[in-house]
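Protein chains: 2
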Amino acid sequence: MSHLIAVDWGTSSLRGARLDAAGNVLEEKSAPLGILNVPNGDFAGVFASLFSDWMKPADSVCLISGMAGSRQGWVEAPYVACPAGPEELQRHLHWIEPGRIALVPGLSDEQGEVPDVMRGEEVQIFGAMRLAGLTDGLFVLPGTHSKWATVRGGRVTGFRTYMTGEFYGLLSQHSILARTLDAEAPLDEAMFLRGVARAGEGEGLLHNAFGARALALFGRLSPPQSTSYLSGLLIGEELRGQDLPAGREVIAIGAPALTVRYALALEQRGVRVRCFGAEATWAGVRAIQQ
Amino acid sequence: MSHLIAVDWGTSSLRGARLDAAGNVLEEKSAPLGILNVPNGDFAGVFASLFSDWMKPADSVCLISGMAGSRQGWVEAPYVACPAGPEELQRHLHWIEPGRIALVPGLSDEQGEVPDVMRGEEVQIFGAMRLAGLTDGLFVLPGTHSKWATVRGGRVTGFRTYMTGEFYGLLSQHSILARTLDAEAPLDEAMFLRGVARAGEGEGLLHNAFGARALALFGRLSPPQSTSYLSGLLIGEELRGQDLPAGREVIAIGAPALTVRYALALEQRGVRVRCFGAEATWAGVRAIQQ
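Written out as structure tokens, the structure reads:
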């Protein structure tokens, strides 16, 4: 197979890479054409406008991961229930153009009373597994909806979602805290870690978030400090739910601006962190194709 | 003292009552003129427009509790640190017109690493104490920012705030959950209690809130059911932080639409609940005046 096109079509952005037979990235493209920004629902048209030149060779194959396979996307590709690995995803590829263009299904975890779902992160996990040379581990994918996934024998055995990024946006833009934050401020590591530590005391987010307000009211946190403190409270709250004995390793996948925060919080607890970025997506698409 | 005017001037509303010497309510008034809706910051003008007739008798005294004493209010009345009872509040009344009109200061709890504050709820607590005939107890005041206060020997010894109501508003209006909620739906008690129970399992709000989304996605919760479930998740999360052995009594003070939810959640755990409404405010103002 000489031409693999890997596409990550999310809620707010569309990114693609052309890979050679060895999996090297030959070229990348991106556009702010997430599934919520596709004019008139013309997914085929948007796809063609970005990738038709890459698809010209007769043996080109394109696999698309992310929200493009959701109910609001191009076509709904039903979730594959975990435990699942690259083989299960390959078997359930949803072909839009047979042998040429397929949607990668997302994963569901229906083992508990409350189900959980992911779309796109599963591909990044399988890619990071390859890049790290692991078949077992604990993975975190920070973001609007952070995912924590456990991998055993090369398959995701279970995962949980945390609305950490979305809560940060809600609190910093729409809540009473917005008045005492400075959203543009750079990360203040000490204040961030103070928030992480506070969350670890177990009082819960509903109380700790008001604490950020009270600290500002008493002049004990400046607006830039409050912003980092709130970020620490939220990420610390997310960590509170994880099984993280010291010495454990966590693989973090995502934008460096986010993974650096998780690494700071985790390393303070004696947990080692390895970080991966966009390259995990391309390696994951290749793992599913093979 | 023959004429006591009790006023509760909050963020979004202004309410007042005229009491006789025995503390009976002779008349009540209210207006949507919370401190954020006072034209040109003319607090004196708004006060006069509602209450000048009640203030005509030379011996009329008016005590105003709530956000009117905050930095954004009429005049800032500095917090009184707890432990504090009605005597401490009386001693720190902030007189606007000596002997005639005073602001009741709020309470602060500065005993921990992170301070906490309330304005207006302290008056309701002292009123409910009187009405219930208690000098010791655990009090909850549900709302945008719920308060849990411990009272010993007639004084508030400590309290904690939870942004429960504000989080409910943020999630139901601005988050991804908004798409699968029906904000107008009446309370579904079974779904509400299912949310309370889920929160009690200790997974944390960041994860459980996404669970509400996933349950809707899988068709396991209808929009009206989701709304009650989310309310249960939030109130359950708030309860998770309280010391509530079965058989304990909690005094709930607030609007019946809210206190009924707390009573449902608490009674399921074997905790007895007594509820009070606006009458607690008027009784509290009287307790401070005496």
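Residue numbers (this note's numbering), protein chains in the order written: chain A, 467 to 756; chain B, 467 to 756.
A virtual CB, placed ideally from N, CA and C, is assigned to each residue, including glycine.
This structure is a prediction, so every number in the text was calculated from the model and none was measured.
Within chain B, the residues that residue i reaches when beta carbons sit closer than 7 Å
i                      : result
residue 670 of chain A : 703, 706 and 707
For residue i: DSSP bridge partner residues
i                      : result
residue 547 of chain B : B:574
residue 582 of chain A : A:575
residue 748 of chain A : For residue 748 of chain A, which the question treats as bridged, DSSP gives no partner whatsoever.
residue 622 of chain A : A:550 and A:617
residue 530 of chain A : A:473 and A:569
residue 719 of chain B : B:742
residue 627 of chain A : A:613
Neighbouring residues, chain A, relative to residue i (Cβ below 7 Å)
i                      : result
residue 658 of chain B : Within 7 Å Cβ-Cβ: nothing; residue 658 of chain B doesn't reach chain A, min ~16 Å.
residue 611 of chain B : 676
Extent of the continuous beta strand (DSSP E) to which residue i belongs
i                      : result
residue 635 of chain B : Taken as a continuous stretch (DSSP letters only), residue 635 of chain B belongs to no beta strand (DSSP E), being part of the alpha helix (DSSP H) at 630 to 640.
residue 560 of chain A : 560 to 563
residue 616 of chain A : 612 to 618
residue 480 of chain B : 480 to 485
residue 603 of chain A : 603 to 607
residue 494 of chain A : 491 to 497
For residue i, the nearest candidate out of the options (CA to CA)
i                      : options                       : result
residue 631 of chain B : B:619, B:647 and B:703        : B:703
residue 691 of chain A : A:613, A:648, A:626 and A:583 : A:648
residue 615 of chain A : A:561, A:748 and A:716        : A:716
residue 602 of chain A : A:585, A:642 and A:621        : A:621
residue 509 of chain B : B:595, B:628 and B:477        : B:477
residue 609 of chain A : A:472, A:661, A:593 and A:629 : A:629
residue 725 of chain B : B:756, B:612 and B:708        : B:612
residue 626 of chain B : A:680, A:512, A:686 and A:712 : A:680
residue 694 of chain A : A:739, A:581, A:646 and A:712 : A:646
residue 663 of chain A : A:697, A:748 and A:641        : A:697
residue 740 of chain B : B:749, B:722 and B:750        : B:722
residue 606 of chain B : B:590, B:506 and B:507        : B:590
residue 670 of chain A : A:535, A:701, A:581 and A:729 : A:701
residue 642 of chain B : B:486, B:683 and B:653        : B:683
residue 672 of chain A : B:582, B:571, B:552 and B:750 : B:582
residue 531 of chain B : B:502, B:678 and B:540        : B:540
residue 711 of chain B : B:699, B:727 and B:732        : B:732
residue 689 of chain A : A:677, A:644, A:718 and A:661 : A:644
residue 588 of chain A : A:520, A:654 and A:545        : A:545
residue 718 of chain B : B:595, B:753 and B:676        : B:595
residue 600 of chain B : B:551, B:660, B:654 and B:687 : B:551
residue 757 of chain A : A:498, A:529 and A:639        : Any answer about residue 757 of chain A is impossible in this case: the structure gives chain A only from 467 up to 756.
residue 713 of chain A : A:498, A:729, A:514 and A:737 : A:737
The alpha helix (DSSP H) enclosing residue i, as first and last residue numbers
i                      : result
residue 706 of chain B : 689 to 706
residue 589 of chain B : 587 to 598
residue 742 of chain B : Looking at the DSSP string, residue 742 of chain B is not in any alpha helix (DSSP H); the run it does join, the beta strand (DSSP E), is 738 to 742.
residue 678 of chain A : 671 to 683
residue 726 of chain A : 722 to 734
residue 649 of chain A : Element bounds for residue 649 of chain A: n/a, residue is neither H nor E.
residue 539 of chain B : It is not in any alpha helix (DSSP H) - residue 539 of chain B carries neither H nor E in the DSSP assignment.
residue 511 of chain B : 509 to 517
residue 657 of chain A : 655 to 666
Contact list for residue i against chain A, beta-carbon separation under 9 Å
i                      : result
residue 605 of chain B : Going along chain A, no residue has its Cβ under 9 Å from residue 605 of chain B, so there is no contact; the nearest lies around 16 Å.
residue 627 of chain B : 672, 673, 676, 677, 679 and 680
Interface partners of residue i on chain B, CB under 9 Å
i                      : result
residue 581 of chain A : 677, 680, 681, 683, 684 and 686
Any non-hydrogen atom of the ligand SAM within 7 Å of residue i CB
i                      : result
residue 621 of chain B : Ligands are entirely absent from the displayed structure, and the ligand SAM is therefore not among its contents.
- Query: What residues in the region 629 to 641 of chain B have a beta carbon less than 9 Å from any beta carbon of chain A?
  - Reply: Going along the region 629 to 641 of chain B in chain order, one finds 629, 630, 632, 633, 635, 636, 637, 639, 640 and 641 with a Cβ nearer than 9 Å to chain A.
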